[in-house]
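Chains as they are written, first to last, in the numbering used here: chain A, -15 to 147; chain B, 10 to 428. Glycine included, each C-beta is placed from N, C-alpha and C at the ideal position. What you are looking at is a predicted structure, and each value in this text was computed from that prediction instead of being measured.
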Amino acid sequence: MKVQGTAHKVGDHIDTDAIIPARFLVTTDSKVLGENCMEGLEAGWVSRVKENDVMVGGVNFGCGSSREHAPISILGAGIPVVLAHSFARIFYRNGFNMGLVLLEIGDDIDKFSDTDEIEVDTTTGVIKNMTTGVTVQAAAVPPFMQEILNVGGLVEYAKTKLA
Amino acid sequence: MGQTLAEKILQKHTDQEVSGAGQIVQCKVDMVLANDITAPLAIKSFTAMGAKKVFDQDKISLVCDHFTPNKDIDSAEQVKVVREFAEKMGVTHYYECGEVGVEHALLPEKGIVGPGDIVVGADSHTCTYGGLGAFATGMGSTDIGAAMALGETWFKVPPTIKVNLTGTPQQYVGAKDFVLNQIGQLGVSGALYKALEYSGEVVDNMSIEGRMTIANMAIEAGGKVGLFPVDQKTLDYAANAGFAGGEAMVPDADAEYERVLNIDVTDMAPQVACPHLPDNVKAVDDTAGLQIHQAVIGSCTNGRIEDMREAAAILKGRKVDPKVRCIILPATPAIWKACMSEGLMEVFMDSGCIVGPPTCGPCLGGHMGILAGGERCIATTNRNFKGRMGSLDAEVFLSNPAVAAASAIAGEIINPAKI
């Protein structure tokens, strides 16, 4: 799948309280969570986002809480892909389970600036910066996690185990 | 090649041969946990998976501790979802109302988790049980929904960083200071995807409660687990709590470590994590004099009876600064009761503290202690992210209970040795 959209750069150590503060955790509704995405970083942050845009984080993106509301809120905001230098462990697992594409690209993250136009091939992990012309390759997804993605996420994977 | 503690426990729960870091293994789990924020999503996923029953009614814990006593209609509705699910599934370990405590203080106290277990929880501080020698780790709700149905989950075997704690600590320096210092040295992503394993004479001499304080904050360095060896002290604690089973466990002498971090605690001062990350750690005297508006003593990090005693020893015969709200939250009903029988409640009330029910409320900016813009709080909790406890313009400093109590009295951050 190819995704093309505008980059929203958010920096290092973006924590789950920044992605979706605790006061919004009284719902599991992806629309409400999406409308408040990144409200802990900056009030009204989500207003700049349009469907299929790409979040660009730095080191340790998604650190903190296990709240699955965080990837749900990013997806709810219309963002299908997050690029980062690295991801926090629980967030990384949650992203895959929810179907949010997470691509780890290390120091190559510096090749993307806020408002750059980006094209991501989520299957091959090839990321093109349409603004600068630079192309980077994301780290491979571990085969077992790829297997979960291939069947459509953890809910589908568990369904086959329970059948 | 010998095995680390993490590898040993994973090996006990899988038929696959655990051969080293990076391998993905499928393991049986001994306990699956969720709370009032994360369980509703886990139940949603559980249902979507087509699951009809939980894998074992005795191996699921549902603890409604975050927004309880319910702060509004929405949070009450969430608890209702959890309560009805627990009833329908016949979940043994369901806790709310007068039985509820902060989950990671409650489960060890009730003997529900113990040495050698694999515990997965939809809460990042599930790693607390590493203090008891359990491979315990946080996950998201859907992973937990699957584990509730299947009784197993997958793990990537983590590389291990060994943390050696040596020396003799000074007065007012303890477990919280050791772990803050370690996070300061490693950084908040220093143990990303890794296990932390503790050893050294300080660990041998430390209480189980202290070990749980350290294990609790493994996630604050990015860690998957924070593991302590199982010694006689652990076995006694687990047995007294009613935990059946558990055996002594140490890592193999030839286990492979990615890195060894040696920390001599002898000259360590009380530590304070400054805004807005837990690795922004300084000696307390370097933060002294900063005016505070609130102190919070409680949470899954430092809300146990030892922490209450430590705070009370400072507060006894003194008054909280009238401009400071000092909130004390004993983490479980049993700790509350112990505070009463030991006379600590009287100390707290006489000194002008606000004593609340067991709840996670203020730690995550849920309720009962939200900060306004421009306010500063010193807390024994585990996170000081921007906006964590309320306003984006507020500041949270993390410390041990003695520093928090002393600061409440002084109205500013202070070394307890100076009051």
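What span of residues does the alpha helix (DSSP H) with residue i cover, start to end?
| i | result |
| --- | --- |
| residue 17 of chain B | 14 to 21 |
| residue 113 of chain B | 112 to 118 |
| residue 386 of chain B | Taken as a continuous stretch (DSSP letters only), residue 386 of chain B belongs to no alpha helix (DSSP H), being part of the beta strand (DSSP E) at 385 to 388. |
| residue 356 of chain B | 353 to 359 |
| residue 144 of chain B | No alpha helix (DSSP H) holds residue 144 of chain B; the beta strand (DSSP E) holding it covers 144 to 147. |
| residue 194 of chain B | 184 to 195 |
Using a beta-carbon distance below 8 Å, is residue i in contact with chain B?
| i | result |
| --- | --- |
| residue 30 of chain A | no |
| residue 134 of chain A | no |
| residue 88 of chain A | no |
| residue 150 of chain A | Nothing in the structure corresponds to residue 150 of chain A, since chain A is present only between -15 and 147. |
| residue 46 of chain A | no |
| residue 123 of chain A | no |
Rounded to whole angstroms, what is the Cα-Cα separation between residue i and residue j?
| i | j | result |
| --- | --- | --- |
| residue 149 of chain B | residue 53 of chain A | 9 Å |
| residue 259 of chain B | residue 126 of chain B | 14 Å |
| residue 353 of chain B | residue 317 of chain B | 8 Å |
| residue 136 of chain A | residue 246 of chain B | 44 Å |
| residue 26 of chain A | residue 285 of chain B | 15 Å |
| residue 14 of chain B | residue 30 of chain A | 44 Å |
| residue 26 of chain B | residue 20 of chain B | 7 Å |
| residue 207 of chain B | residue 101 of chain A | 46 Å |
| residue 264 of chain B | residue 257 of chain B | 17 Å |
| residue 405 of chain B | residue 375 of chain B | 15 Å |
| residue 34 of chain B | residue 166 of chain B | 7 Å |
| residue 160 of chain B | residue 303 of chain B | 43 Å |
| residue 37 of chain B | residue 293 of chain B | 44 Å |
| residue 216 of chain B | residue 322 of chain B | 18 Å |
Could you tell me the boundaries of the beta strand (DSSP E) in which residue i lies?
| i | result |
| --- | --- |
| residue 163 of chain B | 161 to 165 |
| residue 174 of chain B | 169 to 175 |
| residue 103 of chain B | 102 to 104 |
| residue 7 of chain A | Careful: residue 7 of chain A lies outside any beta strand (DSSP E) and carries neither H nor E. |
State yes or no: is the beta carbon of residue i nearer than 8 Å to at least one beta carbon in chain A?
| i | result |
| --- | --- |
| residue 197 of chain B | yes |
| residue 148 of chain B | yes |
| residue 233 of chain B | yes |
| residue 416 of chain B | no |
| residue 81 of chain B | yes |
| residue 168 of chain B | no |
| residue 66 of chain B | no |
| residue 49 of chain B | yes |
| residue 303 of chain B | no |
Which of the three DSSP states, helix, strand or coil, is assigned to residue i?
| i | result |
| --- | --- |
| residue 273 of chain B | strand |
| residue -3 of chain A | coil |
| residue 246 of chain B | helix |
| residue 57 of chain A | helix |
| residue 237 of chain B | coil |
| residue 404 of chain B | strand |
| residue 103 of chain A | strand |
| residue 55 of chain B | helix |
| residue 134 of chain B | helix |
| residue 283 of chain B | coil |
| residue 89 of chain A | coil |
| residue 113 of chain A | strand |
| residue 50 of chain B | helix |
| residue 278 of chain B | coil |
| residue 204 of chain B | strand |
Alpha carbons only, please: which of the options is nearest the one belonging to residue i?
| i | options | result |
| --- | --- | --- |
| residue 307 of chain B | B/266, B/355, B/344 and B/333 | B/344 |
| residue -14 of chain A | A/59, A/104, A/144 and A/4 | A/104 |
| residue 60 of chain A | A/48, A/19, A/94 and A/28 | A/19 |
| residue 99 of chain B | B/197, B/199 and B/64 | B/64 |
| residue 140 of chain B | B/151, B/116 and B/155 | B/116 |
| residue 130 of chain A | A/1, A/84 and A/-4 | A/84 |
| residue 173 of chain B | B/333, B/209 and B/163 | B/209 |
| residue 77 of chain B | B/68, B/87, B/281 and B/31 | B/87 |
| residue 205 of chain B | B/301, B/185 and B/232 | B/232 |
| residue 76 of chain A | A/5, A/43, A/107 and A/94 | A/43 |
| residue 94 of chain A | A/74, A/120, A/79 and A/7 | A/120 |
task = Taking a Cβ distance cut-off of 8 Å, strictly less, list which residues of the segment 391 to 407 of chain B are near chain E, in chain order.
result = In the structure shown, chain E does not exist; the protein chains are A and B.
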